[in-house]
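Working notes for the structure below.
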Amino acid sequence: MDKNQVANLLEEIAVLLTLKDGSSVFEIRAYENAARALGSLEGDIGKLVQEGKLKGTPGLGPTIIKRIEEAVQTEHIAFYDELVANTPQIKLDMRRIPGVGPKRINMIYQQLNVTTLAELEQACKDDRVAHLPGFGKKTQDKILQGLSFLSQHADRYLYDVAEVEAERIREALASQPGVVRLQVAGSLRRRRETVKDIDMVLSVDDQASSDVRRAIMDFFTSQPSVKAITGKGETKSSVVLNSGIAMDLRLVGDSQFPYTLHHFTGSREHHIPLRRRALSMNMTINDYGLFKVENGKETLIPCQNETDIYHALQMDYVEPELREDMGEIEAAARHALPKLVQESDLRGVLHAHSTWSDGQNSIRDMAEACIARGYSYLGMSDHSRAAAYAGGLSPDDLKRQGEEIDKLNEEYAGRFHILKGSECDILRDGSLDFPDEVLASLDFVVASIHSNFNLSQEEQTQRMLRAIANPYVDIIGHATGRILLGRPGYPLDLDQVIDAAAQHGTCIEINAHPSRLDLDWRYVRKARDKGIKIPVDPDAHALAGIDDMRYGIGIARKGWLRTEDVLNTLDFEALRAFFHVRRSKK
Ligand code: DGT
Ligand code: CA
Ligand code: ZN
Numbered sequence: 001m002d003k004n005q006v007a008n009l010l011e012e013i014a015v016l017l018t019l020k021d022g023s024s025v026f027e028i029r030a031y032e033n034a035a036r037a038l039g040s041l042e043g044d045i046g047k048l049v050q051e052g053k054l055k056g057t058p059g060l061g062p063t064i065i066k067r068i069e070e071a072v073q074t075e076h077i078a079f080y081d082e083l084v085a086n087t088p089q090i091k092l093d094m095r096r097i098p099g100v101g102p103k104r105i106n107m108i109y110q111q112l113n114v115t116t117l118a119e120l121e122q123a124c125k126d127d128r129v130a131h132l133p134g135f136g137k138k139t140q141d142k143i144l145q146g147l148s149f150l151s152q153h154a155d156r157y158l159y160d161v162a163e164v165e166a167e168r169i170r171e172a173l174a175s176q177p178g179v180v181r182l183q184v185a186g187s188l189r190r191r192r193e194t195v196k197d198i199d200m201v202l203s204v205d206d207q208a209s210s211d212v213r214r215a216i217m218d219f220f221t222s223q224p225s226v227k228a229i230t231g232k233g234e235t236k237s238s239v240v241l242n243s244g245i246a247m248d249l250r251l252v253g254d255s256q257f258p259y260t261l262h263h264f265t266g267s268r269e270h271h272i273p274l275r276r277r278a279l280s281m282n283m284t285i286n287d288y289g290l291f292k293v294e295n296g297k298e299t300l301i302p303c304q305n306e307t308d309i310y311h312a313l314q315m316d317y318v319e320p321e322l323r324e325d326m327g328e329i330e331a332a333a334r335h336a337l338p339k340l341v342q343e344s345d346l347r348g349v350l351h352a353h354s355t356w357s358d359g360q361n362s363i364r365d366m367a368e369a370c371i372a373r374g375y376s377y378l379g380m381s382d383h384s385r386a387a388a389y390a391g392g393l394s395p396d397d398l399k400r401q402g403e404e405i406d407k408l409n410e411e412y413a414g415r416f417h418i419l420k421g422s423e424c425d426i427l428r429d430g431s432l433d434f435p436d437e438v439l440a441s442l443d444f445v446v447a448s449i450h451s452n453f454n455l456s457q458e459e460q461t462q463r464m465l466r467a468i469a470n471p472y473v474d475i476i477g478h479a480t481g482r483i484l485l486g487r488p489g490y491p492l493d494l495d496q497v498i499d500a501a502a503q504h505g506t507c508i509e510i511n512a513h514p515s516r517l518d519l520d521w522r523y524v525r526k527a528r529d530k531g532i533k534i535p536v537d538p539d540a541h542a543l544a545g546i547d548d549m550r551y552g553i554g555i556a557r558k559g560w561l562r563t564e565d566v567l568n569t570l571d572f573e574a575l576r577a578f579f580h581v582r583r584s585k586k
């Protein structure tokens, strides 16, 4: 387990304790603090455990250190498993309803005697939830909306959660005798923001015996992360993992691998026009192969890899991220696909928080972490005063923070640069939380909505348009405010927002946090087509958050972005010039 997974597990323990009768507040806080402490720790957790270096870390008591060691050494925490087993299923189910926290869950459980979400829905419809102490009609409506959101997103998982699970199994399988090729397929390979299940394709030698195939399938279904086996054969096995994610493994002879990988990578939507193209060229394509059809007879067109398949169809290779039927088939046929941005193209980090607001690390620690990752700049953007819950800064704080940044920049003497910025709240009327002269004193400004989510679409759009038109707003942060699998974004006419951003030269970020991935990739493409520069921003609240940029790159690629479309692929001088020019134009 890596640090983030352990921290997540500790956080889960805190929540489960809250759901348990008679837990001590201190114990709950201890797990919350420990999760936070881990997030701000630099270095490999396995190594820290091995060298006994966790002792003395602020926020980590002896019991919790033991649990962390257990997690690292055994991949699980028995105390957590026990808590899960002892929590009523309906409480766990209710956790997935957007906007319902542990306190409400406990109240519903104690007072209403519901055992399923369907029963809870009925209780809302019978008006029984509104009458609970501290609930009311509005809360009841919100729960109903949450339940409907949930049923639309049932059984999907965040990309990062599925990726970790898939990678663990891929690594284990890769070392098995007889495995020739092995690759993740499906929506995970296409880097969708959420996935239903994990699809994997594995090949063995065409002549491999049944024994070899069976041994691989036995090994797969006996992995420690497998909770249940739902199907088992020599060509396909299906399991459910401990996390609840289902996984299919398909096993083929190596000559069939490219076709099968291509088929199960999808998407279904990509395959439809592709199949049409094949037919128009007297070919047919399925998971067994690509065939030339002549006089009703099919002959296999030999392909070593997916590139060969696309070439046989007189197309350029289509990256998995683009296989969504968004015009990639025609572009590949015209040899006009974009050369997609890569993580290694990123030169620096914009949109990050420090202990000045709700971040967990100092500016210096954040800067050092950026340097360690090869970046050459860090744009700090702590919250503004309206975000009081997040320790938002006053103009005076901002000035003092600027002095700290000046000192650090002096120390780094051009080796590394910290930009002075703010994640400034967009107020209800679309004005900004700082007056112009304060904003003008900064190197760059991210403007975000953190309040008044309930305005009408018209009001919310006008609010956003006003912020976009503000000459000191360089970047719009997490444009829609959505939390994947958590809550939909506030209502916004994104086409109007994109038009306005293009007109004013305002950037719209891809917030790389795996629960946000906001702007959505479908709109990233539209923004790019209008010439908007798009930074990939980690919105890091701790050192570990900086590593989220890779999820943002996945979304950038799904949005057809090239290096030149992504703002923070610019080097420091070019970035500074970019902000300078766009501000002086106003
Ligand atoms: P997901 O699992 O909902 O996140 O999305 P996918 O794309 O991974 O969908 P999944 O797991 O149902 O199937 C994986 C790929 O296999 C899919 O993208 C295309 C291919 N596939 C599966 N079933 C069918 C089918 O009935 N027709 C066609 N044309 N392709 C299919
Ligand atoms: Ca899938
Ligand atoms: Zn924010």
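Using the working numbering, read the sequence shown as starting at 1 and increasing by one per residue.
Note that the Cβ used here is the ideal one computed from N, Cα and C, for glycine as well.
Cβ of residue i versus every heavy atom of ligand 3: is any distance shorter than 6 Å?
i: S448; result: yes
i: G477; result: yes
If contacts are defined as beta-carbon pairs under 8 Å, then residue i and residue j qualify, I think. What distance do you get, rounded to the angstrom?
i: E42; j: A367; result: 12 Å between Cβ atoms; not a contact.
i: L484; j: P535; result: That pair is no contact at about 20 Å.
i: N242; j: S255; result: Actually they do not touch by this definition, with Cβ atoms about 35 Å apart.
i: G178; j: A208; result: 6 Å
i: L590; j: E27; result: Lying before the first or after the last residue shown, residue 590 is absent from the chain, which here runs from 1 to 586.
i: F416; j: S376; result: 6 Å
Indicate, with yes or no, if ligand 2 has a heavy atom lying under 6 Å from the CB of residue i.
i: K196; result: yes
i: S187; result: yes
i: D199; result: yes
Quick one: using the 10 Å Cβ neighbour count with 16 as the cut-off for buried, is residue i buried or exposed?
i: P435; result: exposed
i: L350; result: buried
i: G374; result: exposed
i: S381; result: buried
i: R482; result: buried
i: Y288; result: exposed
i: L279; result: exposed
i: N4; result: buried
i: T461; result: buried
i: Y389; result: exposed
i: T74; result: exposed
i: G22; result: exposed
i: V581; result: exposed
i: Q457; result: exposed
i: H450; result: buried
I need the straight-line Cα distance from residue i to residue j, nearest angstrom please.
i: F220; j: G231; result: 12 Å
i: V25; j: Q360; result: 22 Å
i: R96; j: P491; result: 22 Å
i: H263; j: H271; result: 8 Å
i: L274; j: G266; result: 11 Å
i: C355; j: D425; result: As written in the sequence, residue 355 is Thr, which differs from the Cys given in the question. C-alpha separation (whole angstroms): 18 Å.
i: V15; j: Q496; result: 40 Å
i: D126; j: E319; result: 51 Å
i: P174; j: A333; result: Checking the sequence, you will find Ala at residue 174 rather than Pro. So the two alpha carbons sit approximately 34 Å from each other.
i: L158; j: A556; result: 17 Å
i: R170; j: G253; result: 18 Å
i: L455; j: T139; result: 17 Å
Inspect the beta-carbon positions of residue i and residue j and report whether they are closer than 7 Å.
i: P338; j: W560; result: yes
i: I77; j: L9; result: yes
i: S384; j: D443; result: no
i: I510; j: A527; result: no
i: L465; j: A502; result: no
i: I405; j: L378; result: no
i: E321; j: R550; result: no
i: E11; j: A35; result: yes
i: A512; j: G552; result: yes
i: F135; j: P98; result: no
i: I532; j: P538; result: no
i: Y80; j: I13; result: yes
i: G59; j: N86; result: no
i: S40; j: A542; result: yes
i: I198; j: M247; result: yes
i: L182; j: L251; result: no
i: T563; j: D397; result: no
How about residue i: is its Cβ closer than 6 Å to a heavy atom in ligand 1?
i: R268; result: yes
i: F264; result: yes
i: H76; result: no
i: H271; result: yes
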